[in-house]
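The structure under discussion appears below in the form of structure tokens.
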Amino acid sequence: QVHLVESGGGLVQAGGSLRLSCAATGRSFSNYAMGWFRQAPGKEREFVAAISSTSSTYFADSVKGRFTISRDDAKNTVSLQMNSLEPEDTAVYYCAAAPAESGGYDYWGQGTQVTVSS
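Each position in the sequence shown, counted from 1, maps to that position plus 5 in the working numbering.
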């Protein structure tokens with residue numbers, strides 16, 4: 006079992022930055038792929054970024070060049086650095102974990118709100 010807790014959300018003006026963190030409890034964190042997803046009001050949850058167990062990174066086209074993802078396996082954390090934020094980035098952001106033996110994200114955090122004002 007993995008328990009995920011996000012932090013770092015808040016209100017920021019357009020063009021600003023935020024850094025989200027996700028702390029994981031449980032064993033074998035280094036073997037998990039980690040991802041960030043977001044859900045805006047009235048919209049479906051969408052993929053934002055992911056980092057594999059070997060630190061390969063993947064980004065949605067909408068955030069490429071603005072967001073970076075990193076992990077610290079010694080601290081069981083994954084972070085999402087968000088720069089040049091836009092009002093369209095407003096959403097609840099979720100951290101998720103994908104075990105190596107699984108085909109998908111089996112564990113999810115409770116989410117953290119990010120609001121970007123224009």
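Note that the Cβ used here is the ideal one computed from N, Cα and C, for glycine as well. All of these numbers come straight from a predicted model, not from anything done at the bench.
Pairwise C-alpha distance: residue j and residue i
i: Glu91; j: Phe34; result: 31 Å
i: Ser122; j: Ala101; result: 26 Å
i: Ala105; j: Thr62; result: 16 Å
i: Ser22; j: Ala54; result: 16 Å
i: Leu85; j: Ile74; result: 5 Å
i: Ala45; j: Ala96; result: 4 Å
i: Gly109; j: Lys80; result: 23 Å
i: Val17; j: Asp94; result: 11 Å
8 Å Cβ cutoff met for residue i and residue j
i: Cys27; j: Val10; result: yes
i: Tyr99; j: Arg43; result: yes
i: Phe64; j: Met87; result: no
i: Ser89; j: Gly13; result: no
Residues bridged to residue i (per DSSP)
i: Glu51; result: Arg43
i: Ser122; result: Gln18
i: Leu25; result: Leu85
i: Ala101; result: Gly40 and Trp113
i: Thr95; result: The partner list for Thr95 (beta bridge, DSSP) is empty, contrary to what the question assumes.
Close beta carbons around residue i, own chain, < 6 Å, minus the five adjacent residues each side
i: Val83; result: Cys27, Met39 and Arg76
i: Asp66; result: none
Other residues of its chain near residue i: CB distance less than 8 Å, five sequence neighbours each side excluded
i: Gly15; result: Leu23, Gln118, Val119 and Thr120
i: Asp78; result: Phe34 and Ser35
Residues near residue i in its chain [Cβ-Cβ closer than 7 Å; skip 5 each side]
i: Tyr112; result: Val7, Leu9, Ala101 and Ala102
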